[in-house]
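Asker: If you read the sequence shown in my numbering, its first letter stands for residue 5, the second for the next number, and so on.
By construction, the Cβ of each residue, glycine as well, lies at the ideal position given by its N, Cα and C atoms.
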Amino acid sequence: MANVKKAVQEEVTEKEIPRAAYEGVLTIDVDAQVESAQEQEDTRWHQLLNAHRTRKVLTGQLGGIEKLESGWMVAVTYYNGFRIIIPMNEMMINLSGDGRENADTLNRQVRIANNMLGCDIDFIIKDLDTKSRSVVASRKDAMLKKRQIFYLGEEGEKPLLYPGRIAEARVIAVAPKAVRLEVFGVEVSVRARDMAWEWMLDAGEKFQVGDLVQVMVNKVEGTEPDEIHVEVDAKSPTANINKDNLRKCHRQGKYTGVITEVYKGTYFIRLDIGINAVAHSCNMSALPGKGDKIGIVVTRINENYEVAEGIITRLIKRWK
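#1: Assuming Ala173 and Leu164 are in contact, meaning their beta carbons sit under 8 Å apart, how far apart are those beta carbons, in whole angstroms?
#2: Using only alpha-carbon positions, find the residue among Ala171, Leu319 and Asp46 that is nearest to Ser136.
#3: Three-state secondary structure (DSSP) at Phe211?
#4: Within the continuous alpha helix (DSSP H) that includes Asn111, where are the two ends?
#5: Need the endpoints of the beta strand (DSSP E) that Met77 sits in, please.
#6: Under the assumption that Arg143 contacts Val221 (Cβ atoms under 8 Å), give the Cβ distance between them as a whole number of angstroms.
#7: Which residue wins for smallest C-alpha separation from Thr58, given the options Lys149, Lys71 and Leu99?
#8: Could you tell me the alpha carbon to alpha carbon distance between Ala200 and Val183, rounded to whole angstroms?
#9: Beta strand (DSSP E) containing Lys223: first to last residue?
#10: On the criterion of 16 or more Cβ atoms from any shown chain inside 10 Å, does Ser289 qualify as buried, or is it exposed?
#11: Using CA coordinates, which residue listed in Asp237, Trp323, Leu121 and Ala141 is at the minimum distance from Glu331?
#12: Bridge partners for Asp124 per DSSP, in chain order?
#13: To the nearest whole angstrom, what separates the beta carbons of Gly299 and Ile320, a pair I think is in contact under 8 Å?
#14: Using 8 Å as the Cβ pair cut-off and three pairs as the minimum, do the segment 273-287 and the segment 298-317 touch?
#15: In chain order, what are the residue ranges of uninterrupted beta strand (DSSP E) at least 3 long that sit wholly in the segment 238-292?
#16: Helix, strand or coil: how does DSSP classify Tyr309 here?
#17: For Lys324, does the three-state DSSP call read helix, strand or coil?
#18: Which same chain residues, not among the five before or five after Lys19, have their C-beta less than 7 Å away from its C-beta?
#19: For Val175, which residues of its own chain have a beta-carbon under 8 Å away from its beta-carbon, when the five flanking residues on both sides are left out?
#20: Locate the alpha helix (DSSP H) running through Ala55, then write down its first and last residues.
#21: Rounding to the nearest angstrom, what Cα-Cα distance links Gln65 and Trp323 in this structure?
#22: What does the alpha-carbon distance come out to for the pair Val302 and Glu202?
#23: For Glu161, does the count of other Cβ atoms within 10 angstroms reach 16, so buried, or fall short, so exposed?
#24: Just verifying my parser: in three-state terms, what is the DSSP assignment at Leu156?
#25: What are the start and end residues of the beta strand (DSSP E) that includes Arg174?
#26: Taking 6 Å as the limit between beta carbons, can you name the residues of its chain near Gly208, skipping five residues before and five after?
#27: Who are the Cβ neighbours of Cys286 in its own chain at under 6 Å, not counting the five residues just before and after it?
#28: Which first and last residues belong to the beta strand (DSSP E) in which Leu185 is found?
#29: My guess is that Met92 and Val114 are in contact by the Cβ rule of under 8 Å, so how many angstroms apart are they, rounded?
#30: Within its chain, find whatever has a CB closer than 8 Å to the CB of Asn118; leave out the 5 residues flanking it on each side and keep chain order.
#31: Label Ile245 either buried or exposed according to how many other C-beta atoms from any shown protein chain fall within 10 Å of its C-beta, with 16 as the threshold for buried.
#32: Near Gly189, what residues of its chain come up, given a Cβ to Cβ distance below 6 Å and the 5 sequence neighbours on each side ignored?
#33: Can you tell me whether Ala200 is helix, strand or coil according to DSSP?
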């Protein structure tokens, strides 16, 4: 709490803004009433006071990452026109699997937070200063509250989220091979191949920060809010069009596509006709690479794995 108090104090300006006496707007219609800008601001501030008192979960867009004069790193959002700062240790960023386990924790948090800019985040107001109208909030408190409601349930009530339930999730960060989601208070990193039926060169082709996607909850573990672990995928709630698209493909047919991955001599390709394909060989002197546009001859339709198999016959365009 001391840290929160300190953050509020840093937001307070030393000079108080003078306020002129105000008698209201004189309107043409005698029964009409017009709120001044100051009155509108007072009303919005009163809403924040009520939210603080009731510990209401609010939502704003993550608009910035700043370093205060004291050296504190904070996230910045706005709500009803008021600046809200969230200390980085109150952001509750899931660092699991970020691949930087040996790096400084704060640097890891800031790196992920930078990738989250533009996403919606929930927060609960922890402290505010009426004189300066400065606000400090916690994303962590909001996430723990949502976990209690949606994954553990109120007393005697069934949780709202459980394995087999389809729910909406926020896309809060996107990397080439993974998408970070916030699923009702829990951050989950989902592999790109579990986000869509089609193979993608980069998950950013299909998903952007701020998107809402439907996911299937596959696993929920933990009996306390700070222990909840969730596994989800975005493929299950959507129709698998691969089987239907396979009908567009024929043996000995020649098609174009983009190589999405190369692994141990095997090429994984997304054909332009909407089909996933695999090639184990390449009839070219210069081997193609990931991202290249190629031509392929289909030699087999593998319905069990819902892919076409074939041989790469030509390079159409290098990616880089």
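Answerer: In short:
#1: Between Leu164 and Ala173 the Cβ distance is about 14 Å, and since that is not below 8 Å, they are no contact.
#2: Closest in C-alpha terms to Ser136, from the list Ala171, Leu319 and Asp46, comes Asp46.
#3: coil
#4: Element bounds for Asn111: Thr109 to Asn119.
#5: That run of the beta strand (DSSP E) goes Met77 to Tyr83.
#6: Incorrect: roughly 22 Å between the Cβ atoms, too far for contact.
#7: With distances taken between Cα atoms, Thr58 lies closest to Lys149.
#8: Spanning the two alpha carbons is a distance of roughly 11 Å.
#9: Leu216 to Glu225
#10: Result: exposed.
#11: Nothing about residue 331 can be read from this structure; the chain reaches only from 5 to 324.
#12: Gln65
#13: 6 Å
#14: yes
#15: 258-267, 270-275 and 280-286
#16: In this structure, Tyr309 counts as coil in the three-state DSSP scheme.
#17: Coil at Lys324, not helix or strand.
#18: Unreliable positioning characterises Lys19 in this predicted model, as indicated by a pLDDT of 36, which lies under 50. The coordinate reading is nonetheless provided below. For Lys19, there are no CB contacts under 7 Å within the same chain when 5 residues up- and downstream are skipped.
#19: Cys123, Val183, Arg184, Leu185, Phe211, Gln212, Val213, Gly214, Asp215, Leu216 and Val217
#20: Ala41 to Thr58
#21: A straight-line Cα-Cα distance of about 34 Å links Gln65 and Trp323.
#22: Cα to Cα, the separation comes out at about 18 Å.
#23: exposed
#24: For Leu156, the three-state secondary structure derived from DSSP is helix.
#25: Ile170 to Ala179 is the extent of the beta strand (DSSP E) around Arg174.
#26: Val178
#27: Ile316
#28: Ala182 to Val187
#29: 7 Å
#30: Ile69
#31: exposed
#32: Met147, Lys150 and Arg151
#33: Three-state DSSP puts Ala200 in coil, outside helix and strand.
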